[in-house]
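Under the numbering used here, the first residue of the sequence shown carries the number 122, and numbering increases by one thereafter.
Report on the following structure.
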Amino acid sequence: MADRLSYWAQVLLIIGGLNVGVTTLGYNLMSYLPSVASTGLNYLVGLSALYIGYNLLTNK
């Protein structure tokens with residue numbers, strides 16, 4: 122279960138990173154979503170970053 126959660130957290134981080142990279146080029150992919158979905162996706166990306174960071178700090 123933890124491996125699957127870690128996998129999807131990494132996928133969300135990659136999607137968030139790609140959105141930031143594409144936004145700097147002038148194409149905001151999140152603007153095509155409704156604002157509630159866009160905000161929710163941004164929160165999920167942030168939570169996945171916290172989850173992966175916590176796992177990296179606690180795993181030895």
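All C-beta atoms in this analysis are idealised placements derived from N, C-alpha and C, irrespective of residue type, glycine included.
Could you tell me how far apart the beta carbons of residue i and residue j are, in whole angstroms, since I believe they sit closer than 8 Å?
i: serine 169; j: leucine 133; result: 4 Å
i: valine 143; j: leucine 150; result: 6 Å
Classify residue i as helix, strand or coil using the three-state DSSP reduction.
i: tyrosine 148; result: coil
i: leucine 171; result: helix
i: leucine 154; result: coil
i: asparagine 180; result: coil
Just to confirm, are residue i and residue j a CB contact at a threshold of 9 Å?
i: asparagine 163; j: serine 127; result: no
i: arginine 166; j: glycine 137; result: Sequence inspection shows valine at residue 166; the arginine mentioned does not correspond to that position. Against a cut-off of 9 Å, the Cβ pair of glycine 137 and valine 166 comes out as a contact.
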